[in-house]
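A short write-up of the structure that comes next.
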């Protein structure tokens, strides 16, 4: 039986690899899905790739702007008929550089997407779920559990997601809103190509080998590895789980 039959789901960062793969699993499990991202062209491409699995609603929005967040929540609720599931997933990596070389502008940009965007999504989706309950998963990272030299703004923002998750879970429990966070190891994705190049300009392959050597299972995560964990957390199989941090990291934080 489809685990998400009849559920209405919203995914931010919906045009990215993890967002799109999670949408695919949600659709296959019976959910209706709205994808949110800044780039309509990228959203159209993601929606096209999902046609074999189902139709999705696409919504353009900047998750750092409260008015945009209000609008994507309202549009998703109106179009889908409610919001039962929220994958609060939008994020950016920022510039790779030592802390002493990081600009305030880069720090603020990363924090705006990765922390403020998570906060605003929680604020307005939890209002939308207040009468019906629901399940929320916030995307953090192994960088939310440990240091990662060269990525201070990113690490800071992903640690912040844990605090947001715990507080939202504590406050949402009375309304039957569950909130958890996922913490992937490096994922084989556009983001990691950017980080590899930033870590070792012109020698990204060497940077990848070094990163993978730090993972006991010896490889990057695939988007579907993360999507499968998110699917579990939003399903009724996880009905007694809230306020928790789940790693999907090949043993990297062990």
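Numbering (this note's numbering), first residue to last: 21 to 274. Just so you know, even glycine gets a beta-carbon here, dropped at the ideal spot from N, CA and C. In this text the structure is predicted, and so the values were computed from the model without any measurement.
Check, Outcome
"Between residue 202 and residue 246, which are expected to be in contact by the criterion C-beta below 8 angstroms, what is the C-beta distance as a whole number of angstroms?", "6 angstroms"
"What is the DSSP secondary structure of residue 92, reduced to helix, strand or coil?", "helix"
"Determine, using beta carbons only, whether residue 207 comes closer than 9 angstroms to chain C.", "Structure shown: chain C not included; a single protein chain is present."
"Assign residue 27 to one of three DSSP states: helix, strand, or coil.", "coil"
"Taking residue 39 as the reference, which of 108, 224, 136 and 228 has the closest Cα?", "108"
"Suppose you measure from the CA of residue 176 to the CA of residue 138; what does that come to, to the nearest Å?", "13 angstroms"
"Name, in chain order, the residues that DSSP records as bridge partners for residue 241.", "207"
"Anyone know if the C-beta pair for residue 227 and residue 215 falls short of 9 angstroms?", "yes"
"Assuming residue 70 contacts residue 76 (C-beta within less than 8 angstroms), just tell me the rounded distance between them.", "6 angstroms"
"Give the secondary structure of residue 83 by DSSP, where H, G and I count as helix, E and B as strand, and everything else as coil.", "coil"
"Compute the Euclidean distance between the alpha carbons of residue 212 and residue 91, then round it to the nearest angstrom.", "31 angstroms"
"In terms of residue numbering, what span does the beta strand (DSSP E) encompassing residue 54 cover?", "52–57"
"Nearest CA to the CA of residue 248: which residue from 41, 121, 163 and 27?", "41"
"Using only CA atoms, which one of 25, 136 and 128 lies nearest to residue 87?", "136"
"Between the beta-carbon of residue 116 and the beta-carbon of residue 219, is there less than 9 angstroms?", "yes"
"Residue 185 and residue 33 - do their beta-carbons sit closer together than 9 angstroms?", "no"
"Output the distance between the C-alpha atoms of residue 171 and residue 225, rounded to the nearest integer angstrom.", "19 angstroms"
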